[in-house]
Amino acid sequence: MAHTARRRGRPELPREIRLVNEAPIAMRLAPSEKERTQQYAAREGRSLGNFARRVYLKGLAQYEAEQAGAATSAA
């Protein structure tokens with residue numbers, strides 16, 4: 000897999016952030032949500048899964064920031 004990434008001109012990912020494809024997580028989307036996701040992924044030249052992961056990671060970071068703020072407010 001790493002040689003494929005290098006052939007495409009992309010750097011090899013560090014071991015700690017390589018993805019595991021053994022147990023994917025299914026996510027249900029409404030048809031309109033899937034269509035919008037496909038449009039954005041195509042616009043960025045990404046696969047649907049790659050785009051969904053990027054959006055998930057951004058949302059996760061926002062969620063964690065909100066949780067940290069809530070914990071600080073509660074303390």
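Under numbering that gives the first Met the number 0, the first residue of the sequence shown is numbered 0, with each subsequent residue one higher.
Even for Gly, the Cβ is constructed at its ideal location relative to N, Cα and C.
1) If you draw a straight line from the alpha carbon of Pro-10 to that of Arg-17, how long is it in whole angstroms?
2) From the DSSP output, in three-state form, read off Gly-44 for me.
3) If you draw a straight line from the C-alpha of Gln-38 to the C-alpha of Ala-51, how long is it?
Here's the rundown:
1) The alpha-carbon atoms of Pro-10 and Arg-17 are separated by roughly 12 Å.
2) Gly-44 sits in coil when the DSSP states are folded into three classes, being neither helix nor strand.
3) 12 Å
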